[in-house]
């Protein structure tokens with residue numbers, strides 16, 4: 023009886039298989055992901071510094087972009103440093119509590135990302151479709167409130183998912199076929215019912231995935247209709263350029279998210295999920311600064327001033 027009870031206790035340690043078990047590839051992957059991490063932190067920090075340094079960028083759109091840059095740094099910091107440590111030490115074990123902590127912070131930051139992308143779409147809708155009331159409907163207090171609400175909603179979801187997962191029993195294999203702890207892979211290892219956990223995840227997907235995506239789609243449908251009514255080609259081009267970057271980021275973020283969480287229980291999909299996880303946690307945060315600065319002359323000018331440490335001409 024004691025042996026049966028002890029086997030139902032949550033394990034003290036999980037083992038992350040990581041991206042590869044081939045020793046020869048691990049130093050190469052270490053260098054690649056170290057460079058990706060450095061580029062992501064440097065790129066997003068540069069965007070944030072440019073926004074803080076350039077008065078022209080002290081607008082709601084860039085306030086939200088600055089918060090998005092902070093989220094990108096946080097998101098990649100949750101997964102990549104631990105992966106780099108595993109490459110160096112060849113010890114792929116992760117304590118149970120550390121696994122839950124990684125899960126919590128990943129869902130916290132990704133959830134805020136969902137809501138913030140929605141807020142940015144609403145901001146573009148107000149700026150293009152309701153320009154006369156934009157300054158009052160997107161005041162400094164409202165900007166702060168929107169970001170705070172995004173954090174509260176995401177914190178509630180992340181805490182709920184983590185607490186619900188902590189009630190599961192793990193009495194079988196403790197090997198996770200991934201490079202970080204996430205819900206689908208942990209569900210596969212549970213020897214107790216995950217029905218409640220799947221219902222909670224489904225509700226979270228509806229509230230934090232489907233609903234924001236619908237709001238983003240509706241916002242941009244109004245934006246496109248308004249832009250098409252602009253007679254000036256230059257005006258249309260400028261309006262579309264301010265929205266194109268955001269839509270690209272939304273497509274990458276939601277595209278990878280759908281593949282990650284719509285295939286629960288599929289063991290065969292685990293290796294594919296690693297590639298999707300890299301897109302979601304590494305590639306997307308690394309590309310975001312490039313996407314937002316590539317076609318934005320204001321950001322490009324501010325970045326040049328920050329990097330060359332020159333003052334703007336008076």
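Residue numbers (my numbering): 23 to 336. Don't be surprised by glycine CBs; every beta carbon is placed ideally from N, CA and C.
Rounded to the nearest angstrom, what separates residue i and residue j at their Cα positions?
| i | j | result |
| --- | --- | --- |
| residue 218 | residue 182 | 11 Å |
| residue 175 | residue 46 | 43 Å |
| residue 254 | residue 153 | 17 Å |
| residue 242 | residue 165 | 20 Å |
| residue 311 | residue 97 | 14 Å |
| residue 288 | residue 140 | Note that residue 288 has pLDDT 49, beneath the 50 cutoff, so the model's placement of it is unreliable and the number below is only indicative. Using only the alpha carbons, I get a separation of about 30 Å. |
| residue 86 | residue 71 | 14 Å |
| residue 304 | residue 102 | 8 Å |
| residue 216 | residue 277 | 25 Å |
| residue 306 | residue 228 | 22 Å |
| residue 4 | residue 125 | Any answer about residue 4 is impossible in this case: the structure gives the chain only from 23 up to 336. |
| residue 297 | residue 214 | 28 Å |
| residue 39 | residue 224 | 27 Å |
| residue 294 | residue 109 | 20 Å |
| residue 60 | residue 54 | 10 Å |
| residue 315 | residue 34 | 45 Å |
| residue 95 | residue 63 | 6 Å |
| residue 236 | residue 159 | 21 Å |
| residue 313 | residue 256 | 21 Å |
| residue 113 | residue 104 | 11 Å |
| residue 89 | residue 177 | 16 Å |
| residue 171 | residue 233 | 15 Å |
| residue 143 | residue 200 | 33 Å |
| residue 321 | residue 93 | 19 Å |
| residue 49 | residue 206 | 28 Å |
| residue 328 | residue 73 | 10 Å |
| residue 29 | residue 121 | Note that residue 29 scores a pLDDT of 40, beneath 50, so its modelled location is shaky; the value from the coordinates is reported in the next line. The straight-line gap from Cα to Cα measures roughly 19 Å. |
| residue 156 | residue 145 | 8 Å |
| residue 238 | residue 78 | 26 Å |
| residue 417 | residue 302 | The first residue shown for the chain is 23 and the last is 336, placing residue 417 beyond what the model contains. |
| residue 270 | residue 330 | 29 Å |
| residue 196 | residue 44 | 20 Å |
| residue 26 | residue 111 | With a pLDDT of only 41 at residue 26, under 50, the local geometry of the prediction cannot be trusted, and the value read off the model is given with reservation. In a straight line, the C-alpha of residue 26 is about 34 Å away from that of residue 111. |
| residue 326 | residue 226 | 41 Å |
| residue 190 | residue 123 | 16 Å |
| residue 210 | residue 173 | 29 Å |
| residue 115 | residue 248 | 54 Å |
| residue 258 | residue 127 | 40 Å |
| residue 266 | residue 198 | 37 Å |
| residue 117 | residue 240 | 43 Å |
For the alpha helix (DSSP H) that residue i lies in, which residues bound it at each end?
| i | result |
| --- | --- |
| residue 127 | 118-151 |
| residue 95 | 82-111 |
| residue 224 | 217-227 |
| residue 232 | Careful: residue 232 lies outside any alpha helix (DSSP H) and carries neither H nor E. |
| residue 49 | 48-75 |
| residue 41 | Element bounds for residue 41: n/a, residue is neither H nor E. |
| residue 253 | Taken as a continuous stretch (DSSP letters only), residue 253 belongs to no alpha helix (DSSP H), as it is neither H nor E. |
| residue 163 | 162-188 |
| residue 206 | 205-211 |
| residue 156 | 156-159 |
Out of the options, which one is the CA nearest neighbour of residue i?
| i | options | result |
| --- | --- | --- |
| residue 66 | 113, 327, 309 | 309 |
| residue 129 | 179, 80, 210, 159 | 179 |
| residue 5 | 95, 41, 132 | Residue coverage of the chain in this structure runs from 23 to 336, which leaves residue 5 outside it and unanswerable. |
| residue 169 | 108, 114, 136, 187 | 136 |
| residue 275 | 187, 189, 134, 323 | 134 |
| residue 192 | 212, 121, 208, 144 | 212 |
| residue 300 | 58, 273, 196 | 58 |
| residue 81 | 112, 162, 117 | 162 |
| residue 251 | 150, 269, 221 | 150 |
| residue 318 | 198, 83, 121 | 83 |
| residue 194 | 249, 208, 302 | 208 |
| residue 188 | 265, 157, 145, 119 | 119 |
| residue 272 | 157, 138, 115, 156 | 138 |
| residue 221 | 186, 197, 198 | 186 |
Following the continuous beta strand (DSSP E) through residue i, name the residue where it begins and the one where it ends.
| i | result |
| --- | --- |
| residue 36 | 35-38 |
Hey, residue i and residue j are a contact pair by Cβ (cut 8 Å); roughly how many whole angstroms apart?
| i | j | result |
| --- | --- | --- |
| residue 91 | residue 69 | 5 Å |
| residue 203 | residue 36 | 7 Å |
| residue 246 | residue 147 | The Cβ separation is near 11 Å, so there is no contact. |
| residue 324 | residue 75 | 6 Å |
| residue 106 | residue 41 | Between residue 41 and residue 106 the Cβ distance is about 12 Å, and since that is not below 8 Å, they are no contact. |
Worksheet item: Mind pulling the alpha helix (DSSP H) runs of 4 or more residues that sit fully within the region 301-333?
Response: 306-316, 319-330
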